[in-house]
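Numbering (UniProt numbering) for the sequence shown: 1 to 101.
C-beta: ideal position from N, C-alpha, C; glycine also.
Everything numeric in this text was worked out from a predicted model, so none of it was measured.
Take a look at the structure below.
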Amino acid sequence: MVVEYIRYDVPAERTAAFLEAYQRAGEHLRASPHCLRYEVSQGVEEPHHFVVRIEWDSEEGHLQGFRRGPEFRKFFELIKPFVADIQEMKHYRVESAWVRA
Numbered sequence: 001m002v003v004e005y006i007r008y009d010v011p012a013e014r015t016a017a018f019l020e021a022y023q024r025a026g027e028h029l030r031a032s033p034h035c036l037r038y039e040v041s042q043g044v045e046e047p048h049h050f051v052v053r054i055e056w057d058s059e060e061g062h063l064q065g066f067r068r069g070p071e072f073r074k075f076f077e078l079i080k081p082f083v084a085d086i087q088e089m090k091h092y093r094v095e096s097a098w099v100r101a
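In structure tokens form, the structure reads like this:
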């Protein structure tokens, strides 16, 4: 599994549209067998900062599976207006984690 983090800096006047786009785009993430989980978080101290965290079955599953599948085209169409707001988009491996049961 790999985790993709996408950091956005979205102007206040576009926040509602951004959240709506990801609400709708989530349908296409959920439809992909390569997407295990995702979340969209908004900054508390800086509400114009957003982090989208997506867990993929693998980097290959994301780049070769999802991005070449029909879900990606629909997903990208929805979030395309916000691509210029991306500050970082990278994959990470989880090295350590803890979850309270």
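DSSP three-state call for residue i: helix, strand or coil?
i   : result
V83 : helix
E95 : coil
H48 : coil
R73 : helix
What residue range does the alpha helix (DSSP H) around residue i cover?
i   : result
F18 : T15 to A31
Let me know if residue i comes out buried or exposed under the rule of 16 or more other beta-carbons within 10 Å of its beta-carbon.
i   : result
F76 : exposed
S96 : exposed
Y92 : exposed
V52 : buried
A25 : buried
V94 : exposed
S32 : buried
Where do the ends of the beta strand (DSSP E) carrying residue i lie?
i   : result
Q42 : C35 to Q42
R7  : V2 to D9
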